[in-house]
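For our numbering, count along the sequence shown from 1 and bump the result up by 33. Structure record follows, encoded as C-alpha cells.
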Amino acid sequence: MRFSNEELLDMYDDIVLARVLGEKIVEYIFSGKIAGSIHPCLGQEAVSAGLIAAFKKSGIKNYGTGTHRSQTVMAYRVGLKNFIGELLCRTGGENGGISGEYHLTNVEKTMIPATGALGGTWGLLAGVAWALKAGGKTREIAFAPYGDGAVSQGSTYEAMNIAALYQLPILFFIENNGIAMSTPVNKQSPLENLADRASAFNMQGVTVDGNDPIAVAEAVLEGMELAANFVPNVVEAKTVRWEGHYVGDDQSLYRDVSFRKHLDDIDPVLHFTEKLKGMGLLDEETVVRVLAEKTALVESTFDEQLQFGLPTREQALDYNRIYSNEAGGEL
Ligand SMILES: Cc1ncc(C[n+]2csc(CCOP(=O)(O)OP(=O)(O)O)c2C)c(N)n1
Numbered sequence: 034m035r036f037s038n039e040e041l042l043d044m045y046d047d048i049v050l051a052r053v054l055g056e057k058i059v060e061y062i063f064s065g066k067i068a069g070s071i072h073p074c075l076g077q078e079a080v081s082a083g084l085i086a087a088f089k090k091s092g093i094k095n096y097g098t099g100t101h102r103s104q105t106v107m108a109y110r111v112g113l114k115n116f117i118g119e120l121l122c123r124t125g126g127e128n129g130g131i132s133g134e135y136h137l138t139n140v141e142k143t144m145i146p147a148t149g150a151l152g153g154t155w156g157l158l159a160g161v162a163w164a165l166k167a168g169g170k171t172r173e174i175a176f177a178p179y180g181d182g183a184v185s186q187g188s189t190y191e192a193m194n195i196a197a198l199y200q201l202p203i204l205f206f207i208e209n210n211g212i213a214m215s216t217p218v219n220k221q222s223p224l225e226n227l228a229d230r231a232s233a234f235n236m237q238g239v240t241v242d243g244n245d246p247i248a249v250a251e252a253v254l255e256g257m258e259l260a261a262n263f264v265p266n267v268v269e270a271k272t273v274r275w276e277g278h279y280v281g282d283d284q285s286l287y288r289d290v291s292f293r294k295h296l297d298d299i300d301p302v303l304h305f306t307e308k309l310k311g312m313g314l315l316d317e318e319t320v321v322r323v324l325a326e327k328t329a330l331v332e333s334t335f336d337e338q339l340q341f342g343l344p345t346r347e348q349a350l351d352y353n354r355i356y357s358n359e360a361g362g363e364l
C-alpha cells in the first residue's frame, strides 16, 4: 500500500467532511438556507476523498475542477470558507458570490470552472493541458472530471483525440455513479466499463471501485504520474448515487429505490471506517470526535458566510469581473 497510516487518517478526515458537507447541503436546501439547485454527493464520498488524497500526495500541480457532485474537491481547491460562501452566493465567497458553485474560478488556486452545458469542460481542460505543454511546464497537468452521462457528449471525444494526438498532460476522470439524471448507464452505453473508450484513442483506461477511497487514490496517482509524463489517460471510478439528481428530485418516479433499504452494504464511509478500525488505526472515540469536528466546522462556516450579503446588481453585472480583460482598458 502506498499510503502511510497518517495519510489514511487524513483520507478519513476528508471522507467524513464529504459526508457532512453532503448532508448539510441537503438539510440547508430544505430549510431555505441555501437557494437554488445542488447535486448531492451522498454515496459518492469515497471518490472525493480518494481524489484529494492523490492530489495531496502526487506533488503534481493539477488544474481542473470537480464534478458537480464532488463539492469537497472544489472546497479543497479554493478553501472551505470560500467554497461555502460561493455556494451561498455571498460576497464572502471565492468570486464574491457571482459564480455560484459550478463556475467557481481561481486559476492561481488551480480552480478552472466547468461549463454549464455538459461536454465542454473536457475540451476546455484539453486547452489548459495544451497551454501547459506549450508553456514548457513540467509536473503540471489538467485534471478533467465528468459523470457517466456527460462523457457521452460528442465533444469529449474531440478532447480525447486531441489529447492523445498531441500527447497532452491530462487525466480524464469519470465519476460513474450508475445514472445520468434518470438514465441508467446500461441505457446509455453498450460498454461494461466506460474507461474502455480510451482504447479508441490508443490511451490507457482503468476502472476502479469508486466506493473505496484507497483504490481511487491509487489509480488517480498513477494516472496523474502518466499525465505528467505527457501520457494522457482515463480513470473511471464506479460508485452509486443515493439521492435524486438534484435536491428535491423525486427519483422514485424513474428508479427502483429499494436499494436505499440496504445502504449500509454500499456505504463508503461506513466501509472505510470499518477498514481503518480493522487495521487498528481508528477507535470509536476518534470516529465520534472526527464527526463532531467536521460537523462543527461545516456549520460554523455556513453561519459565518451567511453573515455576508448577496452581491449588488452592480457587482453582479460588472463585466470586468466576469470576462478576462487581458487586452487592457475598461470594458
Ligand atoms: C449539454 C447538456 N445537456 C443536459 C444538461 C443537463 N444536465 C445537467 S447534469 C445532467 C446529468 C449528467 O449526468 P452525469 O454526467 O452522469 O453526472 P451525474 O449528475 O450523474 O453526477 C444533465 C443531463 C446539461 N447541463 N448540458
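All C-beta atoms in this analysis are idealised placements derived from N, C-alpha and C, irrespective of residue type, glycine included. None of these values were measured; they are calculated from a predicted model.
Is any heavy atom of ligand 1 found at a distance shorter than 7 Å from the C-beta of residue i?
| i | result |
| --- | --- |
| Ile58 | no |
| Thr143 | no |
| Met257 | no |
| Met107 | no |
| Leu151 | yes |
| Met193 | no |
| Thr100 | yes |
| Asn219 | no |
| Ile212 | yes |
| Gly182 | yes |
| Gln104 | no |
| His304 | no |
| Tyr179 | yes |
| His72 | yes |
| Gln186 | yes |
| Arg274 | yes |
| Leu136 | As written in the sequence, residue 136 is His, which differs from the Leu given in the question. His136: no, Cβ never under 7 Å from ligand 1. |
| His278 | yes |
Flag this pair as yes or no: are the beta carbons of residue i and residue j separated by less than 8 Å?
| i | j | result |
| --- | --- | --- |
| Thr148 | Arg110 | no |
| Pro217 | Gly211 | yes |
| Thr138 | Gly130 | no |
| Thr98 | Ile145 | yes |
| Val29 | Ala270 | This structure cannot settle anything about residue 29, because the visible part of the chain is limited to 34 through 364. |
| Ile67 | Leu120 | yes |
| Leu254 | Ser91 | yes |
| Gln338 | Gly118 | yes |
| Glu208 | Val331 | no |
| Gln200 | Pro246 | no |
| Tyr45 | Leu315 | yes |
| Trp275 | Leu296 | yes |
| Met214 | Gly169 | no |
Notebook entry, point to check: If we count Cβ pairs, one from each stretch, closer than 8 Å, do we get three or more for the stretch 243-256 versus the stretch 82-91?
Noted result: Look at the beta carbons and you see the stretch 243-256 touching the stretch 82-91: at least three pairs across the two are nearer than 8 Å.
Item checked: Cβ contact check for the stretch 270-280 and the stretch 66-74: 3 or more pairs under 8 Å -> Judged by Cβ distances under 8 Å, the stretch 270-280 makes contact with the stretch 66-74, as three or more pairs qualify.
Check: What are the complete alpha helix (DSSP H) segments, minimum 4 residues, inside the stretch 265-324?
Finding: Fully enclosed alpha helix (DSSP H) runs of 4 or longer: 296-299 and 301-311.
Next item on the list: Note down, one range per segment and in chain order, each beta strand (DSSP E) of at least 3 residues found wholly within the stretch 162-214.
Entry: List check, beta strand (DSSP E) in window: 173-180 and 203-209.
Margin query: Does the structure place the stretch 158-178 close enough to the stretch 256-268 that three or more beta carbon pairs sit under 8 Å?
Written below: Touching, yes.
Check: Between the stretch 150-158 and the stretch 221-232, are three or more C-beta pairs nearer than 8 Å?
Finding: No: fewer than three Cβ pairs fall under 8 Å.
Checklist line | Complete runs of the beta strand (DSSP E) confined to the stretch 65-112 [at least 3 residues] | finding: Taken in chain order, the complete beta strand (DSSP E) segments of 3 or more residues contained in the stretch 65-112 are 94-97.
Notebook entry, point to check: Any chance the stretch 316-332 sits against the stretch 46-53, with 3 or more Cβ pairs inside 8 Å?
Noted result: Yes: at least three Cβ pairs fall under 8 Å.
Note to self: What ranges does the beta strand (DSSP E) occupy inside the stretch 125-161, keeping only unbroken runs of at least 3 residues that lie completely in it?
What the structure shows: Contiguous beta strand (DSSP E) elements confined to the stretch 125-161 do not occur, taking only those with 3 or more residues.
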